[in-house]
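Quick note: the sequence shown uses the working numbering, first residue 542, plus one each step. For each residue, glycine too, the CB sits at the ideal point set by N, CA and C. It should be emphasised that the depicted structure is a prediction, and the values quoted were computed from it without experimental measurement. Right, one structure below, let's go through it.
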Amino acid sequence: MFTGMLHTHVLVVSLFLILYLIKTFLLVIGKHDMLDKFVKKTKVPEMIISTLFLLTGIYLAIYSGQRGAWLWVKLFVVACSIPLAVIAFKKKHNASALLSLMFLVYAYGISETKSPFMTENKPFETAGLQGVEAGKAIYVAKCIQCHGDNGKLKLSGAKDLTVSALSHDEKIAIVTNGKNAMMSYKKQLTQQQIDDVVAYVETLKAN
């Protein structure tokens, strides 16, 4: 369910941005008559897209394990972009349209990185730790938001780790390459760190 909603949200956001880019382009180059015709023709599709944008966004905000300051920044930025867009296309104001577009692109960027600064890596310390202990430190930094401290939280479409029937190698593959809503960690973790976090995850099943 979560994965389907996530894919739907990404799709409608992409369509929304495309519509907005076209309208902004027509406004900036001074094709006001073409802009008015385009707005009229796309009024119903845009209403549907905007509604799906809102509904899927609310669902993801409720059931996502990756909440944080970035989410509130995103909501604030999107909220600011709406009145700017209304002013821009009603008053044919180029600067407002461009600023609103920048806000929307920024909001999309922080949605992808889960950071107001659009940086993906969350720091963690494993110095002096090995095996399961190192894996636990990585789990707390990277996994606990969705899986919970006991592996049972199941936010963002995460599975209950305590009842997983996956083999050790299958778990390694999922952490490395990602699956569904879970991101790939091959660019964030070394192979040893992936081995360590999987070793820790397997202790949760034993509990």
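As assigned by DSSP and simplified to three states, the class of Met723
Numbered from 1 along the sequence shown, position 182 holds the residue referred to as residue 723. In this structure, Met723 counts as strand in the three-state DSSP scheme.
Return the CA-CA distance between Ile589 and Val738, expressed in angstroms with no decimal places.
Within the sequence shown, the letter at position 48 stands for residue 589. Within the sequence shown, the letter at position 197 stands for residue 738. In this structure, the straight-line span from the alpha carbon of Ile589 to that of Val738 is close to 42 Å.
Can you name the start and end residues of the alpha helix (DSSP H) that Asn718 belongs to?
Residue 718 sits at position 177 when you count from the first residue of the sequence shown. Counting along the chain, the alpha helix (DSSP H) containing Asn718 begins and ends at 709–718.
Is Ala675 buried or exposed, if buried means 16 or more other CB atoms sit within 10 Å of its CB?
As a first step, residue 675 must be located in the sequence shown, where it is residue number 134. With 16 or more other Cβ atoms inside 10 Å of its own Cβ, Ala675 counts as buried.
Where Met546 sits in the DSSP three-state scheme
Here residue 546 refers to the residue found at position 5 of the sequence shown. The three-state secondary structure of Met546, taken from DSSP, is helix.
Which whole-angstrom value is the C-beta distance of Met546 and Leu601, which I expect to be below 8 Å?
For the purposes of this step, residue 546 is taken as the residue at position 5 of the sequence shown. For the purposes of this step, residue 601 is taken as the residue at position 60 of the sequence shown. Correct: roughly 6 Å between the Cβ atoms.
Short Cβ contact (9 Å threshold) for Leu567 with Glu587:
For the purposes of this step, residue 567 is taken as the residue at position 26 of the sequence shown. For the purposes of this step, residue 587 is taken as the residue at position 46 of the sequence shown. Leu567 places its beta carbon 9 Å or farther from that of Glu587.
By the DSSP assignment, the alpha helix (DSSP H) with Asp577 in it spans what residues?
By one-based count along the sequence shown, residue 577 stands at place 36. If you look at Asp577, you'll find it in the alpha helix (DSSP H) that goes 573–582.
Please report the straight-line C-alpha distance between Ile715 and Asp736, rounded to a whole angstrom.
For the purposes of this step, residue 715 is identified with residue 174 of the sequence shown, where counting begins at 1. For the purposes of this step, residue 736 is identified with residue 195 of the sequence shown, where counting begins at 1. Asp736 has its alpha-carbon roughly 12 Å from the corresponding atom of Ile715.
Between the CA atoms of Ala699 and Met723 - distance to the nearest angstrom
Position 182 of the sequence shown, counted from the start, is the residue given in the question as residue 723. Position 158 of the sequence shown, counted from the start, is the residue given in the question as residue 699. Roughly 8 Å separates the two Cα atoms.
Would you check if the segment 619–634 and the segment 702–718 touch, i.e. whether three or more CB-CB distances between them fall below 8 Å?
No: fewer than three Cβ pairs fall under 8 Å.
For a minimum of 4 consecutive residues, which ranges assigned as the alpha helix (DSSP H) are wholly contained in the segment 630–699?
For secondary structure counted as the alpha helix (DSSP H) over 4 or more consecutive residues, the segment 630–699 holds these complete runs in sequence order: 635–654, 672–683, 685–688.
Alpha carbon of Gln607 to alpha carbon of Lys728, nearest angstrom:
Here residue 607 refers to the residue found at position 66 when the sequence shown is read from its first residue. Here residue 728 refers to the residue found at position 187 when the sequence shown is read from its first residue. Gln607 and Lys728 have their C-alpha atoms some 19 Å from each other.
State buried or exposed for Gly669, treating a residue as buried only when at least 16 other CB atoms are found within 10 Å of its CB.
Along the sequence shown, one-based indexing puts residue 669 at 128. Burial call: exposed.
Straight-line CA distance for Ser697 to Ala638?
Reading the sequence shown from its first residue, position 156 is the one you call residue 697. Reading the sequence shown from its first residue, position 97 is the one you call residue 638. Taking the straight line from one Cα to the other gives about 33 Å.
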